[in-house]
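Residues in the sequence shown are numbered consecutively from 271, following the working numbering.
Cβ coordinates follow ideal geometry from the N, Cα and C atoms, glycine included.
Since this is a predicted model, take the numbers as computed values, not measurements.
Some notes on the structure that comes next.
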Amino acid sequence: MKEDQIRNALRQLSVREYIGFSRSQGRASLDQELRHRAATLYEQIHWFRQKEPFTSKQLATTLDLAERVLFSEWFFLNHPEPRYPAYTNIHVLNWVLGTTRRATWSTVRARCWMAIQVLLQDLLSFEVCSLAQVEPWQQQSCDLHVVDRRVHLLQKLHAQLTNVQFQLLARIQMDAPPDDWFSYTLDESRTLALLYLTALPQTQEHDEFLFLRTIHISECIFWAVLAGVVAAIESAKCGQLDSAAAHLSDAVTFAKVLVPLFQMFKTMPPEHFAKFRDATGNASAIQSRTYQLMQIFTAGLDERNAENFAATPEIADLVFYGHPRFVDLRTVLCTVEGNTPPGATAFAAQAAALDQALYAWRCLHLGIARHYLPAEATTGTGGTRGTPYLEMIYRRKILPTNYRRTFWPDIRPPVHVHARPVLSPMN
Ligand code: HEM
Numbered sequence: 271m272k273e274d275q276i277r278n279a280l281r282q283l284s285v286r287e288y289i290g291f292s293r294s295q296g297r298a299s300l301d302q303e304l305r306h307r308a309a310t311l312y313e314q315i316h317w318f319r320q321k322e323p324f325t326s327k328q329l330a331t332t333l334d335l336a337e338r339v340l341f342s343e344w345f346f347l348n349h350p351e352p353r354y355p356a357y358t359n360i361h362v363l364n365w366v367l368g369t370t371r372r373a374t375w376s377t378v379r380a381r382c383w384m385a386i387q388v389l390l391q392d393l394l395s396f397e398v399c400s401l402a403q404v405e406p407w408q409q410q411s412c413d414l415h416v417v418d419r420r421v422h423l424l425q426k427l428h429a430q431l432t433n434v435q436f437q438l439l440a441r442i443q444m445d446a447p448p449d450d451w452f453s454y455t456l457d458e459s460r461t462l463a464l465l466y467l468t469a470l471p472q473t474q475e476h477d478e479f480l481f482l483r484t485i486h487i488s489e490c491i492f493w494a495v496l497a498g499v500v501a502a503i504e505s506a507k508c509g510q511l512d513s514a515a516a517h518l519s520d521a522v523t524f525a526k527v528l529v530p531l532f533q534m535f536k537t538m539p540p541e542h543f544a545k546f547r548d549a550t551g552n553a554s555a556i557q558s559r560t561y562q563l564m565q566i567f568t569a570g571l572d573e574r575n576a577e578n579f580a581a582t583p584e585i586a587d588l589v590f591y592g593h594p595r596f597v598d599l600r601t602v603l604c605t606v607e608g609n610t611p612p613g614a615t616a617f618a619a620q621a622a623a624l625d626q627a628l629y630a631w632r633c634l635h636l637g638i639a640r641h642y643l644p645a646e647a648t649t650g651t652g653g654t655r656g657t658p659y660l661e662m663i664y665r666r667k668i669l670p671t672n673y674r675r676t677f678w679p680d681i682r683p684p685v686h687v688h689a690r691p692v693l694s695p696m697n
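Structure follows, in structure tokens:
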């Protein structure tokens with residue numbers, strides 16, 4: 271296939287039509303002919319990118335984005351049950367954040383802030399338009415009293431973030447998504463892709479949009495915390511504890527957004543969740559690499575989790591982090607404990623603050639699982655025992671550091687699984 275042929279193939283699939291159908295019907299009921307066309311284009315792009323690695327930068331970027339978007343349709347066509355990456359379009363979010371290539375901590379941090387702000391505004395705008403009854407999409411089971419309360423909490427959260435560091439962006443007013451793939455890649459801020467190509471719910475249920483956006487905002491937070499922790503560990507290894515403390519302090523700022531975000535999320539009535547839960551199939555955030563990496567880089571691999579990880583394709587390679595020589599934040603804290611090098615106190619204090627913020631979220635999330643899942647549910651969508659799994663792991667904190675790993679779990683991922691860097695084109 272030649273460059274002009276793949277350009278032509280891209281033109282054949284109207285992005286606006288694809289988004290319109292997905293959002294008005296819900297992807298679980300997507301027209302099968304459209305799904306076939308999207309999946310075929312995915313295969314063509316995949317094949318072309320392997321055979322023709324040298325193309326213009328603009329085309330290469332556009333194909334990268336289109337492949338990430340269409341992956342979900344190819345996946346849904348070939349697999350009976352959705353999983354987290356396809357359901358949440360996480361590969362598209364990662365493209366927007368730029369975590370698909372080597373980037374500095376400050377770049378990841380800046381892009382995460384930008385994305386969180388845009389996503390919050392998008393959710394707020396969706397809810398305000400729903401209140402005004404002018405929102406065309408996701409209007410089934412829309413309870414205006416619930417939405418009213420949610421708008422109030424969203425505005426509070428937005429104001430809280432603005433005080434921290436944000437500059438309020440101009441409100442994004444777009445009548446319809448752009449139709450051709452190139453418009454999304456020509457937009458340097460990547461906002462168009464973030465707004466239109468990440469949240470494509472399975473159903474028309476109003477609160478499924480909230481569910482997806484909460485996941486996207488959480489993913490941005492997990493990335494920012496992870497990047498901050500990695501930067502802090504590297505600084506500490508070089509003895510620069512002041513900058514390690516500063517990196518952790520930034521990570522804490524992000525982590526503290528999780529609790530108010532999930533308090534806003536809890537405005538969703540359990541019966542609304544029940545209406546779209548089945549449509550999410552086997553998608554579970556246990557399959558979130560970013561979250562699991564964040565946990566591993568802060569408190570190490572939990573041996574009790576190794577078996578679950580090895581059995582979960584999206585995160586099977588993370589079992590390699592069980593290696594005794596892997597250095598996580600807790601290990602670094604052990605080495606500075608009892609010493610008084612400059613910056614050690616601030617470093618330990620920031621680690622404690624981060625520990626507290628993440629623990630607070632795990633407690634809140636456990637409460638959510640108990641509240642939303644029927645008591646008789648014996649499995650989570652991620653294949654664990656569900657709430658009992660969360661009860662087993664939520665107490666694992668960074669501090670105290672006197673916890674010592676006793677063994678390297680004798681569990682290996684399947685043989686074809688290879689380790690890969692934190693920032694990777696496969697994200
Ligand atoms: C009604 C809403 C929710 C319920 C009932 C729920 C329930 C659960 C359950 C039962 C698990 C255990 C794994 C499994 O699925 O088998 C889990 C894991 C997880 N959930 Fe949720 N969840 C909800 C919303 C969310 C949201 C919006 C996020 C945001 C990203 C999230 C993040 C996570 C993460 C990161 C894990 C993995 C925890 C770990 O492995 O340590 N959850 N959830």
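Residue side-chain check: Ala581 keeps its Cβ at 7 Å or more from all non-hydrogen atoms of the ligand HEM. Residue environment analysis places Phe479 among the buried positions, since at least 16 neighbouring C-beta atoms fall within 10 angstroms of its C-beta.
Leaving aside the five residues that flank Pro530 on each side, the residues in its chain whose CB is nearer than 7 Å to its CB run, in chain order, Leu427 and Gln430. Between Thr605 and Glu489, the gap from beta carbon to beta carbon reaches 8 Å or more.
Under the DSSP definition of a beta bridge, Gln410 partners with Glu475. Considered as a whole, the region 524-591 harbours 528-535, 540-547, 559-569 and 576-580 as its complete alpha helix (DSSP H) runs of no fewer than 4 residues, in chain order.
Between the region 648-662 and the region 335-347 there are fewer than three inter-stretch CB-CB distances shorter than 8 Å, so the stretches are not counted as touching. By the C-beta criterion, the region 447-463 is judged not to be in contact with the region 504-520, since fewer than 3 inter-stretch pairs fall below 8 Å. Shown here, Lys667 sits in coil according to DSSP, grouped into three states, outside any helix or strand. In the three-state reduction of the DSSP assignment, Asp512 falls in the helix class. In this structure the region 377-396 does not lie against the region 573-592, because fewer than three pairs of beta carbons, one per stretch, are closer than 8 Å. Per DSSP, reduced to three states, the secondary structure at Thr369 is coil, with no helix or strand assignment. At least one heavy atom of the ligand HEM sits closer than 7 Å to the Cβ of Gln565. Relative to the ligand HEM, even the nearest heavy atom lies 7 Å or more away from the CB of Ile360. At a Cβ-Cβ threshold of 8 Å, His361 and Phe345 do not count as neighbours.
Burial check for Val404: the Cβ neighbour count within 10 Å stays below 16, so the residue is exposed. Around the CB of Asp392, 16 or more other CB atoms lie within 10 Å, so the residue is classed as buried.
In the structure shown, the three-state DSSP call for Val606 is helix. For the pair Ala627 and Leu528, the CB atoms are nearer than the 8 Å cut-off. Fewer than three beta-carbon pairs drawn from the region 570-581 and the region 481-488 are found closer than 8 Å, and the two stretches are therefore not classed as touching.
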